[in-house]
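Numbering (UniProt numbering), first residue to last: 1 to 104.
Structure below.
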């Protein structure tokens with residue numbers, strides 16, 4: 001069974017948006033780790049926007065684009081990519097501290 005790539009991408013965009021929306025609208029999700037996971041979803045949305053450059057070049061028939069144009073287009077998605085790792089790291093540290101010092 002082959003999954004269409006567009007369906008997969010749109011599903012991930014919708015799910016990342018729903019994580020952000022649920023975190024902001026639900027009062028019980030006001031913890032640190034929930035905000036970090038919502039921030040990670042936000043950075044992932046920014047990162048996913050950079051893939052449209054590759055889709056454009058593939059469908060337009062261009063094999064190459066100029067470096068400075070690609071750098072301008074991919075500057076913001078690279079910021080999103082750089083933000084994913086620290087937010088995941090701090091979410092993991094938060095969960096580790098939460099489990100290590102769990103009161104029984």
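Beta carbons are placed, not taken as given, at the ideal position from N, Cα and C, and that holds for glycine. These numbers come from a predicted model, not from an experiment.
So residue i and residue j are in contact, right, with Cβ under 8 Å, and what is the actual spacing, rounded?
| i | j | result |
| --- | --- | --- |
| residue 94 | residue 36 | 7 Å |
| residue 49 | residue 86 | That belief does not hold up - the Cβ atoms of residue 49 and residue 86 are roughly 19 Å apart, past 8 Å. |
| residue 74 | residue 96 | Not really, about 33 Å apart at Cβ, beyond 8 Å. |
| residue 14 | residue 41 | The pair is not a contact, with the Cβ atoms about 11 Å apart (cut-off 8 Å). |
If you follow the alpha helix (DSSP H) that residue i is part of, which residue opens it and which one closes it?
| i | result |
| --- | --- |
| residue 41 | 32 to 48 |
For residue i, which three-state DSSP category applies?
| i | result |
| --- | --- |
| residue 26 | coil |
| residue 64 | coil |
| residue 120 | There is simply no residue 120 to check, as the chain begins at 1 and stops at 104 in what is shown. |
| residue 21 | helix |
| residue 101 | coil |
From this set, the options, which residue's C-alpha is nearest residue i's C-alpha?
| i | options | result |
| --- | --- | --- |
| residue 83 | 98, 57, 45 | 45 |
| residue 79 | 47, 90, 73 | 47 |
| residue 9 | 89, 70, 55, 59 | 55 |
| residue 33 | 92, 6, 102, 101 | 92 |
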